[in-house]
Structures are given as C-alpha cells and as structure tokens.
Amino acid sequence: MNNLTLYNTLTRRFERIVSSGKRFGVYFCGPTVYNYAHIGNFRTYLIEDVLVRVLKLTGHRPFVVRNITDVDDKTIRDSQKAGEILSVFTKKYTDIFHGDCDRLNILRPDIEPRATEHISEQIAMIEALIGDGHAYESEGSVYFRVSSFEKYGRLSNVGERELRTQTSDSAGKQNMADEYDREDVSDFVLWKARKPEDGANFWKSSWGDGRPGWHIECSAMAIKYLGETVDLHAGGIDLCFPHHENEIAQSEAYTGKEFVRHWMHIAHLTVDGTKMSKSLGNMYTLHQIEEAGFSPDALRYCLISGHYRQPLNFTMNGLHAADNALKKLAKHGEILAEFFEDGEPACPENWSFFGEVYHALLNDLNVALCLGNLFKVLGDVNVNKLNADQKTALAREFFTIKYALGLRLELENVSVPTDVQELANRRWQAKVQKNYALADGLRQQVEAAGWFVNDTPNGFSIVKK
Ligand code: AMP
Ligand code: ZN
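Residue 72 in our numbering sits at position 32 of the sequence shown, with consecutive numbering throughout.
Next comes the structure, spelled out in structure tokens:
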C-alpha cells in the first residue's frame, strides 16, 4: 500500500520511488528573492510540499534542500533601485517568503542554502570543469562547452536546431545575459565577468572579479548537501529547459555520475486563462488573496486541487469553490476529532475507509482524484452506524489525509493570546529600530509559545503554528 509512483520527466515513464540510501535526498529549486512570490510560484511549492508529506507517510524519510537564489541579474538590479545593499534587500524578501510559506503550512526544508554563501563551492566546480575541458574562459567569463557533453538535451528533449533558437529567445534569457564571446551560441555561462552595473556585488576568482551564473549554484549546493546523485529534483516546468538541462550537464561532467534519478516538473498556473504578468495586473500574492477575504488554507486547497502535470487556471470563482469545499471538510474534521486526536500523522497500515483516497496520492500524486474520493466516502459513510473502533479508524484515516494535503481545516480564526501579541509588538518595535538581535530573540519567544510571526507589506501577522 505504500508504493509511491511518480512520472519521471527524464525517462518519460511512471516509476516507483525507491530510496537509494537511508534517507531520500530531495532538491527543490527555491525562490529568487527580489520581490514577493506569486501564487504561481506557490502552486509549485505547495505541490512539492504535498510530495514531501507523502514521502514521509510512505516511510521514505525525505531530506529536503531548497535553495535561496540571492544573487542574479534581477536581485542586483532591484536592490540598486531600492538603494539597499544586496544582502539586506534579499533578506527582506526571504523573510516575507518564509512568512508566506508558514501561513500556507508548507513544511520548512531541512536545509535552505543561499547562493552567496556557496561561492567557493561554485568556483571549485568551475575550475574542475575547465580542467577537464568542459568549460573555457573568455574575456573574464566562463562558459560550459555544451558540445563536450553528449547527453545534453535528454531531459527536455531539445534537439540541436531548437537549442540554437531557444537559447536566443526569452526561455534562454538567464542564459544569454551578459555574455560576450562564446565559442558556440548554445554554450551557457558559469561565471560572469564583473560589469560596472554590478556595483559592489562581485567575488574574486582566478578569471578575475565576477559572480557565478544561475545554473551552477543549484548543482554546487545539491551536490554539497545531497551527494553526487540526488534521489529527486523538482521545480516548475519552465525550469526544465535550460536550467535543469544545464544542471545535469555541468554536474555529470563534474562527477561522472548520474546527477538525479527522478525529475519532477509542475505545470504552470495561469490566471483567468492567461499568463500571469505584472502588466496584465493579474499577478496575485498571498497577501492580496488574504486581503480579498480568503484564508491561506483556501488558497492552498485551490492550488493543489488540480493534477500537477496539468496547467491550472486560477479564478476567484475557483477560489470561492475551494473555500466552500474546505469549510465542509473542516466540519467533518470537527466531528471526527471526537474519535481520534489529530496530532502527529499516524499512517494506518491497513485502510478501512479512505484506502482509495490515499491510493490516489500514491499514484502520481493525484490530488484531484484524492479530493473527489474523499468527498464521496464522507458522503456515503454514516458515522452513527459505526462502532467505536470503526469511528477511531475513520478519524485516524481522515487526519492522515489531512496531513498529506497539508490542510489546517480550522473552522474559525483562533484568537491570539495577549502575551503573544505583546511579544510580537515588541519584536516589531525592535525591528523598526534595527535591533535585529532583540527582534530575533522575541521571534523565538513567540515561536516557543506556539505561534509564528510573519512580516507583511504593512506590518506583521501572527498565526498558530
Ligand atoms: P523563481 O523564483 O522565478 O525562480 O521561481 C520559483 C519557482 O516557481 C520555480 O520552480 C518556477 O518554475 C515556479 N513558477 C514560476 N512561475 C510559475 C507559474 N506561473 N506556475 C507554477 N510555477 C511557477
Ligand atoms: Zn535550480
């Protein structure tokens, strides 16, 4: 019953997930922290979160690394526009991202490495690639020689001709930026020579001052924390090419081993049938959804409810429907809480009621089918006719599914105790006064009391852990 099967982008097959060691190494491409994450980003992080929960339930012991991209063209450009030093600017958006993730009940990764804290690892990797003829220096920048890696294109199925066109369009934007003199148009950058507009954001290397390219950071951090072969690597579908293709090339050229055993890609979220973009005014943040009167739980339900390999179209009507469905589930949860305490997940060995509901998750994480089955069983079962053991089983299974989906199912907002509110107020004051040590200490006290304090654009909010 605990066999988890997922579609592997690399092999284009459904494959049973098996651990290669004691723990199951997972790498998620994390946010670029130059602005608020939008609900499309959260679709990806939420699906990844459901995956982690299911891996835990199925006994795979996931060990999760999700990076923070805190240096690239956008972070540098926007920190300068804001007149802030890069680290201060990116910390602000990292904190906001963490707050959003907590409100959405996304489990924290085991390690969250920052690109700027791993420059030496990236430089070491680039040096080795040059030494082996996989990379070359040109005018202070370093490029990966794509022709030196025979398997290039296997993940995204990109052929040579497409490669040449794709690297010249917006898909290859990150790839193209700041490149002067490549041997071949498909070669991608590993190290970018310093430019005047980089300001103080550069590091020293044997090729001169500069900074790493975006792709190399994920390879260096994944290998550092998860070893040369990662069990599973995921991200949004837009990352399949060129980012993940480049990650494979540089990692496998470096180690000579298979980089990732299982690749998972999450299809995009569209809004009202169109791509999300600032200019169309249809790019929502979690904060905007909350201002419209919806809970993070409702957004979570809405964003996980479609199959992850199908694009999902977000509408306010869809969010209303999610909210209604969630309220029904919360009512069931309230009744079932009488028969089994909802706490740490206790996955049953044998399922009596929600076997098919759970099975849908094990079958390529089919949340849509899982939810459909869940409501069907809840509609069919007559709790009053069950004996005590059956009631316990029903409740235990229900709470296991609730855990897998990461839903909070709170009927009403729980009011914040005054002492916690007081600590959070003092923390905010300390933060405003730039007394970060005191602010961090107060945050820890809030957390020890069982609450999270999250910064929002207009102040802060407090949510139950
Ligand atoms: P970024 O911060 O731009 O690097 O993106 C963070 C994550 O969000 C990546 O895994 C992207 O693939 C994913 N992503 C970006 N846009 C969308 C979208 N519209 N729908 C789903 N995932 C997205
Ligand atoms: Zn990445």
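Backbone N, C-alpha and C define an ideal beta-carbon position, used for all residues, glycine too.
Note that the structure is predicted; figures quoted are calculated from it, not measured.
query, result
"Backbone secondary structure at Trp247 - three-state DSSP", "coil"
"Residue interval of the beta strand (DSSP E) (run including Asn353)", "Leu352 to Phe354"
"Backbone CA spacing between Ala240 and Pro252 [nearest angstrom]", "15 Å"
"Strand pairing of Pro252, partner residues [DSSP]", "Trp231"
"Simplified DSSP assignment, three categories, for Gly193", "coil"
"Unbroken beta strand (DSSP E) run spanning Phe103, endpoints", "Pro102 to Arg106"
"CA nearest to the CA of Phe519, picked from Asp337, Ala435 and Glu268", "Because residue 519 is not part of the residues shown, which for the chain are 41 to 505, the question remains open."
"Presumed contact (8 Å Cβ cut-off) between Tyr348 and Leu405, rounded CB distance", "6 Å"
"Other residues of its chain near Tyr192: CB distance less than 6 Å, five sequence neighbours each side excluded", "Val186 and Ala289"
"Nearest-angstrom Cα separation, counted from His138 out to Val486", "15 Å"
"Runs of beta strand (DSSP E) wholly within the segment 248-316 (minimum 3 residues, chain order)", "250-252, 270-276, 300-306 and 309-311"
"Any 3 or more C-beta pairs closer than 8 Å across the segment 76-92 and the segment 286-303", "no"
"Chain-ordered list of residues that sit, by beta carbon, closer than 5 Å to a heavy atom of ligand 2", "Cys69 and Cys258"
"Those residues which DSSP pairs with Phe184 across a bridge", "Ala175 and Phe228"
"Inter-residue spacing [alpha-carbon to alpha-carbon] between Lys131 and Lys425", "55 Å"
"Burial state of Ile375, where buried means 16 or more other Cβ atoms lie within 10 Å", "exposed"
"Segment contact flag, the segment 103-114 with the segment 310-326, C-beta cutoff 8 Å, min 3 pairs", "no"
"Near ligand 1: Thr115 beta-carbon under 6 Å from a heavy atom", "no"
"Proximity of Arg56 and Thr45 at Cβ, strictly below 7 Å", "yes"
"Start-to-end residues for the alpha helix (DSSP H) that takes in Asn413", "Val407 to Asp420"
"Contact test: Asp459 Cβ vs ligand 1 heavy atom, cutoff 6 Å", "no"
"Cβ pair count under 8 Å reaching 3, the segment 358-375 against the segment 390-397", "no"
"Closest Cα partner of Arg148 within the set Arg93, Thr156, Val472 and Glu124", "Arg93"
"Among Asn465, Arg194 and Ala175, the one whose alpha carbon lies nearest that of Glu285", "Arg194"
"Counted within 10 angstroms of its Cβ, other Cβ atoms place Lys62 as buried (16 or more) or exposed", "exposed"
"Per-residue DSSP class, three states only, for Ser501", "strand"
"Cβ-Cβ distance between Asp113 and Arg154 below 7 Å", "no"
"Backbone CA spacing between Tyr133 and Pro282 [nearest angstrom]", "25 Å"
"Asn48 - containing beta strand (DSSP E), residue span", "Thr45 to Asn48"
"Run of the alpha helix (DSSP H) containing Glu462, from where it starts to where it stops", "Thr458 to Val472"
"beta-carbon Gly275 near ligand 1 non-hydrogen atom, thresh 6 Å", "yes"
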